[in-house]
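Order-wise, the sequence lines are chains S and W. Here the working numbering runs 153 ahead of the position in the first sequence, where the first position is 1. Here the working numbering runs 164 ahead of the position in the second sequence, where the first position is 1.
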Amino acid sequence: MPMLNKDELRDLFFIQHQLTDDLLTDSGLRTFASVLNKNLDTDVYIYDRFRDDIIYADQKIKKNKEFMLYIRERKLIRKDTAFKCCRVEIFEYQYQWQGKEYKELQLDLGKKDKVGILAVTNYQDLGEYEYRILIIVANSLAVKLHQNELVSELAQKCSSELIEDILNNRIDDKSEIIQRGELANWDLSLNYQLYLFSINADKNLSTDDAYYFYEIKERVMQKLHSLLKNEILRKYIIFAYDRDIVLLINYETEAEVNNDDIELIKEELNKKIDKFYFNIGAGTYVNEVSQISESYQQASYVLDFLKATERKNVIYRYNQLGIMRLLWKLNSDELKKFAIEYLAKLIEYDQGNSTEWLDTLGVYLEEGGSIQNAAKRLFIHPNTMSYRVKRIKEILEIDLQDQEVQLNLLAAYKICKYILEDDLDI
Amino acid sequence: MIIVIDCIGDPCPLPLIKAEKKLRKLKGDDQLCLEIDHNCALNSIPEWARKKGYQVKVEETPYLEWKIYIKKIEKKQLKEEVVFKKQKE
Chain S
154 MPMLNKDELR DLFFIQHQLT DDLLTDSGLR TFASVLNKNL DTDVYIYDRF RDDIIYADQK
214 IKKNKEFMLY IRERKLIRKD TAFKCCRVEI FEYQYQWQGK EYKELQLDLG KKDKVGILAV
274 TNYQDLGEYE YRILIIVANS LAVKLHQNEL VSELAQKCSS ELIEDILNNR IDDKSEIIQR
334 GELANWDLSL NYQLYLFSIN ADKNLSTDDA YYFYEIKERV MQKLHSLLKN EILRKYIIFA
394 YDRDIVLLIN YETEAEVNND DIELIKEELN KKIDKFYFNI GAGTYVNEVS QISESYQQAS
454 YVLDFLKATE RKNVIYRYNQ LGIMRLLWKL NSDELKKFAI EYLAKLIEYD QGNSTEWLDT
514 LGVYLEEGGS IQNAAKRLFI HPNTMSYRVK RIKEILEIDL QDQEVQLNLL AAYKICKYIL
574 EDDLDI
Chain W
165 MIIVIDCIGD PCPLPLIKAE KKLRKLKGDD QLCLEIDHNC ALNSIPEWAR KKGYQVKVEE
225 TPYLEWKIYI KKIEKKQLKE EVVFKKQKE
């Protein structure tokens with residue numbers, strides 16, 4: 154193999170220095186690729202084999218709309234070593250695509266931790282000098298891509314910490330948290346309506362579909378981005394937290410909150426999601442960043458309530474919870490005692506007779522004591538409803554017309570059904 | 165003079181940090197041209213620069229890249245805007 158001459162060695166040093174400067178001045182990938190465009194007269198792209206994604210491609214390559222098709226469909230015919238030096242091996246790949254043959258030079262970016270594959274196309278015969286330029290550029294690109302990965306990981310970590318701080322209200326300085334939000338592209342100085350989305354699989358989900366469950370959250374996020382950008386046209390913040398998705402939509406005032414927006418989201422998600430169901434809990438309106446935490450807690454309560462009541466694909470607001478908002482915060486032993494005091498006899502009757510008269514009573518009370526409405530909701534004849542109410546009165550030995558009794562029974566029923574979830578140990 | 169900053173392949177918030185660094189040193193009529201290929205930077209940088217009082221222009225290319233031009237707003241131009249607003253009121 155011929156040795157490099159003095160001029161070539163000097164040029165290689167010069168290129169090396171230039172690339173070091175490019176790294177120190179945080180240049181983008183194009184700057185590094187342009188060294189190859191200029192010195193080797195080739196086209197360049199960088200491929201991520203693990204993510205099956207193109208990290209970088211020259212503008213000339215990007216303009217070719219069939220390039221991605223070529224990457225996906227090409228068939229490998231041959232792979233030969235083109236140049237080998239200093240633990241680096243450059244391979245020449247020969248592919249076939251749509252009846253034609255294509256040649257590419259490829260080398261790994263990084264040795265232990267590969268950050269990508271550098272590929273050059275459309276090249277003429279290359280000598281040692283050109284191969285060495287390729288290696289020098291590949292080394293710089295490996296460092297650059299490694300830096301990029303670190304930045305991404307750091308940004309992800311900062312976002313996660315920001316989310317934790319906001320949702321747990323660890324905010325000492327509002328302006329500081331607003332500034333941290335800017336780095337994540339979130340405008341935390343605005344007012345928002347908070348929505349919390351929970352996605353759950355239907356009970357009869359097969360094992361194959363279970364894999365799909367991990368993808369569904371990502372798909373929902375993408376759909377939400379698209380709806381907010383193209384249909385709702387409002388500023389928003391969206392992120393995944395725990396198993397749920399938090400969405401903040403900007404409305405200047407509380408009066409401006411448009412329920413049609415969240416209804417549209419619900420309808421679109423209904424169309425998109427199959428074999429899964431979702432619920433949307435809405436917290437109270439957020440006037441400043443420090444209120445997000447409370448609004449999130451409220452929306453979480455709503456989702457717990459919807460789960461306990463087996464509701465699917467519904468939007469429910471915290472202020473719709475009524476008395477449940479107060480009951481939820483009490484000690485569960487106290488709540489249990491209260492529910493047993495009022496409902497034990499009826500629950501025992503249901504257990505002994507395989508009836509569901511506790512629910513009959515609940516619906517009757519929720520319908521304000523209307524036989525007609527309660528019968529309609531339970532899909533039974535009003536006479537059947539009247540009979541059951543008469544029997545419930547006898548079992549509980551109470552006067553159902555007494556408003557005080559009605560209030561206590563309704564509270565006991567809601568505790569039993571929605572908070573203790575029928576777990577009364579009678 | 166247009167100062168071009170290559171942000172191709174840069175993850176967020178790297179383009180924003182690069183822009184912030186360069187803008188501090190921006191003189192007179194000079195303007196920055198950020199070449200980006202990340203959606204995230206396309207959303208965050210123009211908004212951030214406008215908030216800081218810069219003039220922003222976004223140019224789209226046919227190959228999923230964007231050029232964001234950022235320029236200081238001249239004092240004269242600012243004054244004119246204030247006068248115009250007052251007249252409107």
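C-beta: ideal position from N, C-alpha, C; glycine also.
Cut-off 7 Å between Cβ atoms - residues of its own chain near residue i, not counting five sequence neighbours on either side
i: LYS370(S); result: ILE352, ALA393 and ILE398
i: TRP339(S); result: ILE390
i: PHE491(S); result: ALA565 and ILE568
i: TRP510(S); result: LEU499, TYR502, ASP503, ARG541 and ILE545
Assigned secondary structure, residue i (DSSP; H/G/I helix, E/B strand, else coil)
i: SER351(S); result: strand
i: CYS238(S); result: strand
i: GLY269(S); result: strand
i: GLU199(W); result: strand
i: TRP230(W); result: strand
i: TRP250(S); result: strand
i: ASP486(S); result: helix
i: ALA337(S); result: coil
i: ARG231(S); result: strand
i: GLU219(S); result: coil
i: PHE491(S); result: helix
i: VAL467(S); result: coil
i: TYR255(S); result: strand
i: MET156(S); result: coil
i: PRO179(W); result: helix
i: TYR454(S); result: helix
i: ILE286(S); result: helix
i: LYS425(S); result: helix
i: TRP212(W); result: helix
With 16 other Cβ atoms within 10 Å as the buried cut-off, status of residue i
i: THR274(S); result: buried
i: LEU196(W); result: buried
i: ILE166(W); result: exposed
i: ILE200(W); result: buried
i: THR178(S); result: exposed
i: VAL168(W); result: exposed
i: PHE167(S); result: exposed
i: LEU386(S); result: exposed
i: GLN346(S); result: buried
i: GLN451(S); result: buried
i: ILE237(W); result: exposed
i: ASP205(S); result: exposed
i: GLU416(S); result: exposed
i: GLU384(S); result: exposed
i: GLU283(S); result: buried
Bridge partner(s) assigned by DSSP for residue i
i: VAL399(S); result: LEU349(S) and PHE392(S)
i: ASN432(S); result: SER351(S)
i: LEU260(S); result: LEU271(S)
i: LYS236(W); result: TYR218(W)
i: ILE166(W); result: GLN195(W)
i: ALA210(S); result: TYR198(S)
i: ILE243(S); result: PHE236(S)
i: GLU223(W); result: LYS231(W)
i: VAL439(S); result: TYR345(S)
C-alpha gap between residue i and residue j, whole angstroms
i: LYS297(S); j: ASP414(S); result: 42 Å
i: TRP250(S); j: TYR200(S); result: 18 Å
i: ALA235(S); j: ARG285(S); result: 12 Å
i: TYR209(S); j: GLU281(S); result: 25 Å
i: LYS419(S); j: LEU531(S); result: 27 Å
i: ASP427(S); j: GLN444(S); result: 34 Å
i: LEU336(S); j: LEU180(W); result: 8 Å
i: LYS582(S); j: LYS310(S); result: A query on residue 582(S) cannot be resolved here, the shown segment of chain S reaching from 154 to 579 and no further.
i: GLN212(S); j: TYR227(W); result: 7 Å
i: LYS191(W); j: LEU176(S); result: 25 Å
i: ARG163(S); j: HIS299(S); result: 28 Å
i: MET221(S); j: VAL439(S); result: 44 Å
i: ASP174(S); j: ARG183(S); result: 14 Å
i: THR195(S); j: LYS182(W); result: 29 Å
Residues near residue i by beta carbon distance below 8 Å, same chain, minus five either side
i: CYS176(W); result: HIS202, CYS204, ALA205 and SER208
i: VAL222(W); result: LEU206, PRO210, TRP230, LYS231, ILE232 and TYR233
i: LYS125(S); result: Outside the displayed span of chain S (154 to 579) sits residue 125(S), for which this structure offers no information.
i: LEU573(S); result: SER485, LEU488, LYS489 and ALA492
i: GLN171(S); result: VAL188
i: VAL558(S); result: ILE551 and ASP552
Same chain, Cβ closer than 6 Å to residue i, neighbours up to 5 away in sequence not counted
i: THR513(S); result: ARG541
i: ASN526(S); result: GLU520
i: MET538(S); result: ILE524, ALA527 and ALA528
i: ASN192(S); result: ILE286
i: ALA197(S); result: A small fix is needed here, since residue 197(S) is Val in this sequence, not Ala. These residues qualify, in order along the chain: ALA186, LEU189, ASP211 and VAL273.
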